[in-house]
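Engineer: Note that the sequence shown covers residues 886 to 1284 in this note's numbering. In this text, a Cβ means the ideal position worked out from N, Cα and C, and glycines have one as well. Small disclaimer: the values here were computed from a predicted structure and weren't measured.
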Amino acid sequence: ADESDDYAVTLSARARAPQPAPLWQPWQPPRQETPAAAVAEKPKLRPLPPRQTPAAPGHDAVAAALAEEIEAAPLPAGMQNGEAQVQQLVEEMRSIKSLLERQLAGFAWGDMTRQAPERAQLFGQMIESGFSGQLARRLVEELPADMDIAAGRNWLAGAVNRRLRTLTAENDLIDRGGVFALVGPTGVGKTTTTAKLAARCVVRYGADKLALLTTDGYRIGAHEQLRIYGRILGVPVHVVRDSEDLRRTLGELRGKHVVLIDTVGMSQRDRMVAEQAAMLARAGAVRRLLLLNATSRGDTLDDVIRSYAGEDIAGCVLSKVDETAALAPAIDAVVRHGLLLAYVANGQRVPEDLHLPHRSYLLHRAFKQPAAGSVHRLRDAEPGLLMPAQAAPQGAALV
886 ADESDDYAVT LSARARAPQP APLWQPWQPP RQETPAAAVA EKPKLRPLPP RQTPAAPGHD
946 AVAAALAEEI EAAPLPAGMQ NGEAQVQQLV EEMRSIKSLL ERQLAGFAWG DMTRQAPERA
1006 QLFGQMIESG FSGQLARRLV EELPADMDIA AGRNWLAGAV NRRLRTLTAE NDLIDRGGVF
1066 ALVGPTGVGK TTTTAKLAAR CVVRYGADKL ALLTTDGYRI GAHEQLRIYG RILGVPVHVV
1126 RDSEDLRRTL GELRGKHVVL IDTVGMSQRD RMVAEQAAML ARAGAVRRLL LLNATSRGDT
1186 LDDVIRSYAG EDIAGCVLSK VDETAALAPA IDAVVRHGLL LAYVANGQRV PEDLHLPHRS
1246 YLLHRAFKQP AAGSVHRLRD AEPGLLMPAQ AAPQGAALV
């Protein structure tokens, strides 16, 4: 009885105990079985066309609008003139540099006139003759001490002579033979010099050992002058148009001792200079002879030499030596650039006015000074204005 009472009490207690709330679940419809036929024949769904979303003022649109506004908006005056201001600043810096160099040159000139007046006088004489400030200062600073003006002039002439490379009778280009193209600016005398070299070759080896070519077939009557010289010498003249034509013609003339090519004259600043050099290089073993006008200024000669420079330069020819009043600029340029001076032309006569370089004559002409009353004579401290601020280091190129 006690056990049953305890059991009843327990059950009644459980019945009266608070029950937890039932869990809520969403209503689900009763599951229906799909027929097999419906599963087998599933309908094909067409993809929806892309939804055209109206352009909203998002980040891309805002960025594009801002970019257009920035491009269309005018720059501030300061930014517009920025490039001009930079250029002006560069020009001012160049002016300051030039001013400082002149002041340094003036200091150097003052030191030279006080400490070595003979050297200062010799430097001024070289400048008056037409030598560049770089070469003149280099040589004057190498001048031995305790030399008077006369001895110093002789020493300077000897120094230029030692630096001057010239062709001699033993290594004349005509005797060595080969293919040579005469190049240079317009009006420098290429055709006349070609005829002079041709005459020298005919005298030594005969007309059958020489061939004349010209690449100047574009100007009307450009090659007629060379044809006239060719008829006089008994040598035919071949006109070539391009590198392939030149290569083919040189192959046909392989048995000739000397082949001379008269080229088109063009300015040293013409881009065709490089194309002409490339055409000659593609044709084979062609070496160039550069003609330099002895009446030109030193800076012009520097410009010409730089434009025509190349490993195939066999040497240079100074033309119009008889027309120049100052030969120093030409000799100075040849020395500074290390060119081989092959020939000197001093007139229009063929072949008389073409010579191998005569060193004594060239140096005498180079160191010749203007007349006493000439406006080109320098006075007082004027040579110091042409003196470089610093001498080039020993062994450095003076170009």
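#1: Kindly give me the distance between the Cβ atoms of residue 1164 and residue 1131, rounded to whole angstroms, as I take these residues to be in contact under 8 Å.
#2: From which residue to which residue does the beta strand (DSSP E) around residue 1181 run?
#3: Return the CA-CA distance between residue 970 and residue 977, expressed in angstroms with no decimal places.
#4: If I measure Cβ to Cβ from residue 1024 and keep anything under 6 Å in the same chain, skipping five residues before and after, which residues do I get?
#5: Tell me the rounded alpha-carbon separation between residue 1019 and residue 1026.
#6: Confirm, please, whether the CB-CB distance from residue 1118 to residue 1083 is below 8 Å.
#7: One question on the structure: do residue 1226 and residue 1049 come within less than 8 Å of each other, judged by their Cβ atoms?
#8: How would you label residue 974, buried or exposed, when you count the other beta carbons within 10 angstroms and need 16 or more for buried?
#9: Leaving out the 5 sequence neighbours to the left and right, which residues in its chain are closer than 7 Å to residue 1076 when beta-carbon positions are compared?
#10: Can you give me the Cβ contacts of residue 1007 inside the same chain, cut-off strictly under 8 Å, excluding the 5 residues immediately before and after it?
#11: Identify whether residue 1028 lies in helix, strand or coil by the three-state DSSP scheme.
#12: Keeping to the same chain, check which residues put their C-beta closer than 6 Å to that of residue 1081; ignore five residues upstream and five downstream.
#13: What is the DSSP secondary structure of residue 1009, reduced to helix, strand or coil?
#14: Excluding the five sequence neighbours on either side, which residues of its own chain have a C-beta within less than 6 Å of the C-beta of residue 1211, listed in chain order?
#15: Ends of the beta strand (DSSP E) at residue 1147?
#16: Measure the CB-CB distance between residue 1074 and residue 1205 and report whether it falls below 8 Å.
#17: For residue 1017, does the three-state DSSP call read helix, strand or coil?
#18: Helix, strand or coil: which one does DSSP assign to residue 1076?
#19: Determine which residues share a DSSP beta bridge with residue 1099 and list them.
#20: Are three or more beta carbon pairs between the region 1181-1190 and the region 1135-1149 nearer than 8 Å?
#21: Could you tell me which of 1057, 1194, 1113 and 1046 sits nearest to residue 1246, measuring between CA atoms?
#22: Between the Cα of residue 1011 and the Cα atoms of 1248, 1160 and 1031, which residue gives the shortest distance?
#23: On the premise that residue 1162 lies in contact with residue 1120, defined as a C-beta separation below 8 Å, what is that separation, rounded to the nearest angstrom?
#24: Looking only at its chain, what residues have a beta carbon closer than 6 Å to the beta carbon of residue 1144, apart from the 5 residues adjacent to it on each side?
#25: Would you decide whether residue 1259 is buried or exposed? Buried here means 16 or more other CB atoms lie within 10 Å of its CB.
#26: Suppose the cutoff is 6 Å on Cβ atoms and the five residues either side in sequence are ignored; what does the same chain contact list for residue 1229 look like?
#27: Name the one or two DSSP bridge partners that residue 1240 has.
#28: Between residue 1172 and residue 1135, what straight-line distance do the alpha-carbon atoms span, to the nearest angstrom?
#29: Please report the distance separating the alpha-carbon of residue 1257 from that of residue 1125.
#30: For residue 1206, report the span of its alpha helix (DSSP H) as first-last.
#31: What first and last residue would you give for the alpha helix (DSSP H) that runs through residue 1118?
#32: So for residue 1200, helix, strand or coil by DSSP?
#33: Any idea what DSSP makes of residue 1067, helix, strand or coil?
#34: Please classify residue 1224: does DSSP put it in a helix, a strand, or coil?
#35: For the alpha helix (DSSP H) holding residue 1153, just list the boundary residues, first then last.
#36: For residue 1017, is the classification buried or exposed, using 16 other Cβ atoms within 10 angstroms of its Cβ as the cut-off for buried?
Structural biologist: This is what the structure gives:
#1: Counted from its first residue, the sequence shown places residue 1164 at position 279. Counted from its first residue, the sequence shown places residue 1131 at position 246. Indeed, because the Cβ distance is near 7 Å, the residues count as touching under 8 Å.
#2: Position 296 of the sequence shown, counted from the first residue, corresponds to residue 1181. Taken as a continuous stretch (DSSP letters only), residue 1181 belongs to no beta strand (DSSP E), as it is neither H nor E.
#3: Taking the first residue of the sequence shown as 1, we reach residue 970 at position 85. Taking the first residue of the sequence shown as 1, we reach residue 977 at position 92. If I take the Cα positions, the gap works out to 10 Å.
#4: On the sequence shown, residue 1024 is found 139 positions in, with the first residue counted as 1. 1041 and 1044.
#5: To locate residue 1019, count along the sequence shown from 1; it is residue 134. To locate residue 1026, count along the sequence shown from 1; it is residue 141. If you draw a straight line from the Cα of residue 1019 to the Cα of residue 1026, it comes to about 11 Å.
#6: As a position in the sequence shown, residue 1083 is number 198, starting the count at 1. As a position in the sequence shown, residue 1118 is number 233, starting the count at 1. Yes, these two residues count as a Cβ contact at 8 Å.
#7: As a working note, residue 1226 is residue 341 in the sequence shown. As a working note, residue 1049 is residue 164 in the sequence shown. Yes, Cβ-Cβ distance for residue 1226 and residue 1049 is below 8 Å.
#8: Here residue 974 corresponds to residue number 89 of the sequence shown, with the count starting at 1. The residue is exposed, with fewer than 16 neighbouring Cβ atoms inside 10 Å.
#9: As a first step, residue 1076 is located in the sequence shown; it is residue number 191 there, counting from the start. Closer than 7 Å at the Cβ level, and outside the excluded window around residue 1076, lie 1110, 1111 and 1147.
#10: Here the question's residue 1007 lines up with position 122 in the sequence shown. If we look at residue 1007 and ignore the five residues flanking it on each side, its Cβ neighbours are 1025, 1028, 1034, 1037, 1038 and 1041.
#11: If you number the sequence shown from 1, residue 1028 lands on position 143. Coil, per DSSP.
#12: As a first step, residue 1081 is located in the sequence shown; it is residue number 196 there, counting from the start. Excluding positions up to five away in sequence, the list reads 1235, 1236 and 1239.
#13: The count along the sequence shown starts at 1 and reaches residue 1009 at position 124. The answer is helix: DSSP assigns residue 1009 an H, G or I state.
#14: For the purposes of this step, residue 1211 is taken as the residue at position 326 of the sequence shown. Taken in chain order, the residues that qualify are 1015.
#15: As a position in the sequence shown, residue 1147 is number 262, starting the count at 1. 1143-1147 is the extent of the beta strand (DSSP E) around residue 1147.
#16: Indexing the sequence shown from 1 puts residue 1074 at position 189. Indexing the sequence shown from 1 puts residue 1205 at position 320. Closer than 8 Å, so yes.
#17: Residue numbering aside, residue 1017 sits at position 132 when the sequence shown is read from its first letter. Residue state, collapsed to three classes: coil.
#18: Indexing the sequence shown from 1 puts residue 1076 at position 191. Note: residue 1076 maps to helix in three-state DSSP.
#19: As a position in the sequence shown, residue 1099 is number 214, starting the count at 1. 1124 and 1147.
#20: No, the region 1181-1190 does not touch the region 1135-1149.
#21: Sequence index remark: in the sequence shown, residue 1246 carries index 361 (1-based). Comparing Cα positions, the closest option is 1046.
#22: Position 126 of the sequence shown, counting from 1, holds the residue named residue 1011. If we check each option's Cα against that of residue 1011, 1248 comes out closest.
#23: Residue mapping note: residue 1120 aligns to position 235 of the sequence shown, counting from 1. Residue mapping note: residue 1162 aligns to position 277 of the sequence shown, counting from 1. No, residue 1120 and residue 1162 are not in contact; Cβ-Cβ is about 26 Å, not under 8 Å.
#24: Start at 1 with the first residue of the sequence shown, and residue 1144 comes out as number 259. Excluding sequence neighbours, residue 1144 sits near 1064, 1096 and 1138.
#25: The residue labelled residue 1259 in the question sits at position 374 within the sequence shown. Exposed, because fewer than 16 other Cβ atoms sit within 10 Å of the Cβ of residue 1259.
#26: Here residue 1229 corresponds to residue number 344 of the sequence shown, with the count starting at 1. Within the same chain, residue 1229 has close Cβ partners 1203, 1206, 1240 and 1242.
#27: The residue labelled residue 1240 in the question sits at position 355 within the sequence shown. Residue 1240 pairs with 1229.
#28: Counting from 1 along the sequence shown, the entry for residue 1172 is found at position 287. Counting from 1 along the sequence shown, the entry for residue 1135 is found at position 250. Whole-angstrom Cα-Cα distance: 13 Å.
#29: For the purposes of this step, residue 1257 is identified with residue 372 of the sequence shown, where counting begins at 1. For the purposes of this step, residue 1125 is identified with residue 240 of the sequence shown, where counting begins at 1. When rounded, the distance between both Cα atoms is 52 Å.
#30: The residue labelled residue 1206 in the question sits at position 321 within the sequence shown. Run containing residue 1206: none; DSSP gives neither H nor E here.
#31: Looking up residue 1118 in the sequence shown gives position 233. Judged by DSSP secondary structure, residue 1118 falls within the alpha helix (DSSP H) whose first and last residues are 1109-1118.
#32: Translated into positions along the sequence shown, residue 1200 becomes position 315. For residue 1200, the three-state secondary structure derived from DSSP is strand.
#33: The sequence position of residue 1067 within the sequence shown is 182, counting from 1. Reduced to three states, the DSSP call for residue 1067 is strand.
#34: Working through the sequence shown from its first residue, we reach residue 1224 at position 339. Of the three classes helix, strand and coil, the one that applies to residue 1224 here is coil, per DSSP.
#35: Position 268 of the sequence shown, counted from the first residue, corresponds to residue 1153. Counting along the chain, residue 1153 falls outside any alpha helix (DSSP H), and DSSP gives it neither H nor E.
#36: Taking the sequence shown and counting its residues from 1, one reaches residue 1017 at position 132. Buried, by the Cβ-count rule.
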